[in-house]
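Chemist: Count along the sequence shown from 1, then add 799; that gives the number in our numbering. C-beta atoms are modelled at their ideal positions from N, C-alpha and C, and glycine is treated no differently. Here the structure is a predicted model, which is why all the values come from computation and not from measurement.
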Amino acid sequence: ITFADGNTIEEHVVAWKEKEYFTYIATKGLPLRAYIATISIKPKNKKM
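1) Just to check my reading of the structure: S825 and I838 have Cβ atoms closer than 8 Å, yes? What is that Cβ distance to the nearest angstrom?
2) Please state whether DSSP places K818 in a helix, a strand or coil.
3) Among L829, P842, Y834 and K841, whose alpha-carbon lies nearest the alpha-carbon of F802?
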């Protein structure tokens, strides 16, 4: 990802389950170590 200010973040998807979630890590560009995030994917009309 490259932002308007020129900052670039490198991310890699490390896990996913179709139509349910994906997990990614940021390997470059953030002032953090071992950043990992999981995003859940749900239909708009389904309650969590």
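Modeler: Reading off the structure:
1) Residue 825 sits at position 26 when you count from the first residue of the sequence shown. Residue 838 sits at position 39 when you count from the first residue of the sequence shown. For clarity, residue 825 is Ala in the given sequence; the question names Ser instead. Not a contact, Cβ separation roughly 13 Å.
2) For this step, residue 818 is matched to residue 19 along the sequence shown. Coil at K818, not helix or strand.
3) The sequence position of residue 802 within the sequence shown is 3, counting from 1. Nearest option by C-alpha distance: L829.
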